[in-house]
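Report on the following structure.
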Amino acid sequence: MNVSVVGTGYVGTTLSACLADLGHRVTAIDIDEGTVERLNEGETPIHEPGLGSLVSAYAGRRLTASTDHAAAAETDLTVLAVGTPAKADGSIDAAALVAAAEDVGEAIAEKDGYHLVVVKSTVLPDVIEGEVVPAIETASGKTDGGSLGVAVNPEFLREGSAVDDFMNPDKIVLGTDGDERALDALAELYQPLLSEWEIPVVETGRREAAMIKYANNAFLAAKISLINDIGNVCKEFGVDAYEVADAIGLDSRIGSAFLRSGVGWGGSCFPKDTAALAAAAESVGYEPLVIDATIELNDRQPERLLELLDAHVDVDGRRIAVLGLAFKPGTDDVRGSRAKPVVRGLLDRGADVVAYDPRAAENMAEAFPDIEYAGSAAEALEGAHGAAVVTDWPEFGDLDAAFDAMADPVVVDGRRVVARREGITYEGLTW
Ligand code: NAD
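Just add 63 to the spot in the sequence shown (first one is 1) and you have the numbering used here.
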């Protein structure tokens with residue numbers, strides 16, 4: 064197929080490269096000239112395992128990039144994958160998505176025949192029906208259900224394993240309200256994956272498809288917040304929450320995934336998606352008790368980590384190492400990272416923060432330009448009076464000798480990644 068993908072961030076770049084790998088001809092469209100230039104040169108603007116080699120293999124061949132939305136008219140279908148950040152009140156800022164929808168609408172206005180627009184960005188049902196569909200219809204002069212089709216196809220990939228997740232997903236959700244032309248086009252798009260793996264395909268309404276993404280993320284975030292809540296109770300009673308989690312995970316109704324208690328969840332999705340769902344519920348007069356508690360518990364975890372540090376060292380005026388800045392290992396993304404409240408809390412206490420991350424230091428420097436960034440974990444630990452471990456990069460499990468170079472070997476571990484326990488003051492957040 065000839066496919067256009069609008070928005071080439073984490074999702075759009077992964078999607079573009081993977082669709083090219085599946086044999087489609089892909090035009091990636093983004094308003095950011097630098098991103099477009101890099102893609103055309105065969106470079107990826109983001110770090111994702113396996114993505115660089117795909118982009119360099121297909122750039123200039125089956126994968127081209129452009130800043131001009133008009134390119135969408137030359138394709139069979141357009142996927143919208145632009146960002147949908149949260150406003151200050153938690154509700155969705157759909158301005159970029161609506162602008163992209165208008166641009167695509169204008170592009171396809173003169174196109175003869177049917178064009179399918181696939182919404183992959185995460186937005187609530189009312190945004191799709193009330194803003195995105197009308198924007199495309201008005202700009203294109205085409206009618207939804209006529210020569211225009213709009214489908215909702217949420218994305219469930221995880222940063223850090225985006226390529227693998229896209230290529231072998233747990234499910235594919237197609238929200239089309241039963242529109243046969245849209246279903247046929249999406250079947251052709253995903254055919255190379257579906258012929259290789261047994262992937263459940265959920266055919267549903269557009270509104271349901273949009274909500275499935277929010278429910279998915281709210282459920283996962285709540286599972287982590289619940290195990291963190293249990294972990295905090297465990298810590299108070301001298302119980303190892305990981306031994307408890309291992310046992311409860313054997314119950315097939317609970318399952319063993321997402322039971323690693325610690326300093327909390329982050330990233331570009333869980334924080335904004337739970338906030339958007341809560342804000343939407345409140346806007347119609349419903350108080351979403353569990354979702355609210357999920358968010359609040361998560362907001363409190365970094366402070367619990369810092370209180371553990373406070374119990375052993377007065378950080379005011381002292382060099383304190385923060386190990387791990389990315390919201391999780393395998394990515395350079397610091398959006399929603401728990402390292403941000405940890406660094407902020409340390410600065411508020413007067414600490415002299417030295418941070419290290421193998422990938423994410425550059426991105427973190429945009430939020431905290433004035434703290435020190437070390438070139439290695441060992442360099443960050445040297446002379447430090449305490450260390451907070453915030454991301455479970457595997458290399459932090461192998462710092463045994465580096466702890467000896469600390470002025471005060473006080474280590475608070477928010478991810479249960481530090482192996483050494485002897486000869487240092489070690490505190491696990493929930494164990
Ligand atoms: P991102 O911020 O990394 O990328 C968004 C891209 O859109 C940027 O490159 C930006 O320049 C571009 N853009 C903005 N306005 C545009 C326009 N009018 N035309 C063309 N390009 C435009 O975002 P992301 O993390 O890739 O997320 C995209 C969507 O996918 C969001 O709705 C997000 O919630 C959802 N999602 C993200 C993930 C994830 O792990 N990051 C997973 C599933 C779903």
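Glycine included, every Cβ here is placed at the ideal spot set by N, Cα and C. Nothing here was measured: the structure is a model prediction, and the numbers come from that model.
DSSP, reduced to helix, strand and coil, places Y419 within a strand of the structure shown. When rounded, the separation of the alpha-carbon atoms in E200 and I290 is 45 Å. Going by beta carbons, D93 and G70 fall inside the 8 Å limit. A contact between stretches requires three or more CB pairs, one per stretch, nearer than 8 Å, and the stretch 95–102 fails this requirement with the stretch 244–256. Sixteen is the threshold: since fewer than 16 other Cβ atoms of the shown chains lie within 10 Å of the Cβ of P432, the residue is exposed. When C-beta atoms of the stretch 447–457 are compared with those of the stretch 469–484, three or more pairs fall below 8 Å, so the two segments count as touching. The C-beta separation of V68 from A144 comes to about 6 Å, placing the pair in contact by the 8 Å criterion. Residues of the same chain with a CB within less than 7 Å of the CB of L368, apart from the 5 flanking positions on each side, are V326, V405, A451, V475, G477 and L492 in chain order.
If you look at V452, you'll find it in the beta strand (DSSP E) that goes G449 to V452. Short of 8 Å from the beta carbon of A374, and not among the five residues preceding or following it, lie these beta carbons of its own chain, in chain order: E490.
Here the alpha carbons of P351 and Y177 stand approximately 40 Å from one another. Beta-bridge partners assigned by DSSP to E266: L237. In chain order, F219 place their CB closer than 7 Å to the CB of N279, counting only its own chain and leaving out the 5 sequence neighbours on each side.
Listed in chain order, the beta strand (DSSP E) elements of length 3 or more contained wholly in the stretch 94–141 are 126–129.
Relative to the ligand NAD, the beta carbon of T71 is positioned inside 7 Å of a heavy atom.
Look at Y73 here: in three-state DSSP terms it is helix. For the options P197, L444 and D189, the alpha carbon positioned closest to that of A162 is the one of P197.
In this structure, A402 sits near V453, with a CB-CB distance shorter than 8 Å.
Taken atom to atom, the span from the alpha-carbon of T267 to that of K234 is near 13 Å. In this structure, DSSP gives I354 a helical state, which the three-state scheme calls helix.
Relative to the ligand NAD, the beta carbon of T98 is positioned inside 7 Å of a heavy atom. With a cut-off of 7 Å, the C-beta of L340 is classified as distant from the ligand NAD, since no heavy atom of the ligand falls inside that distance.
Taking non-hydrogen atoms of the ligand NAD into account, the C-beta of E222 is found less than 7 Å away from one of them. By the criterion of at least three beta-carbon pairs nearer than 8 Å, the stretch 341–348 is not in contact with the stretch 375–390. A straight-line Cα-Cα distance of about 21 Å links A482 and P365. By the Cβ rule, the stretch 106–114 does not count as touching the stretch 128–143, because fewer than three pairs are nearer than 8 Å.
Counting along the chain, no alpha helix (DSSP H) covers E192, and no H or E run does either. At a threshold of 7 Å, G75 counts as near the ligand NAD, since its beta carbon sits closer than that to one of the ligand's heavy atoms. The nearest non-hydrogen atom of the ligand NAD is 7 Å or more from the C-beta of C81. If you check the C-beta of A163 against the ligand NAD, you find a heavy atom less than 7 Å away. Within its own chain, the residues whose Cβ lies closer than 8 Å to the Cβ of A157, once the five positions on either side in sequence are excluded, are T147, V186, V190, E194 and V195, listed in chain order. DSSP, read as helix, strand or coil, puts R221 in coil. For A214, the enclosing beta strand (DSSP E) stretches over residues L211 to V215.
In terms of Cα proximity to E359, the closest of T337, R316 and A389 is T337. DSSP, read as helix, strand or coil, puts D373 in helix. Going by C-alpha positions, D455 is about 10 Å away from D420.
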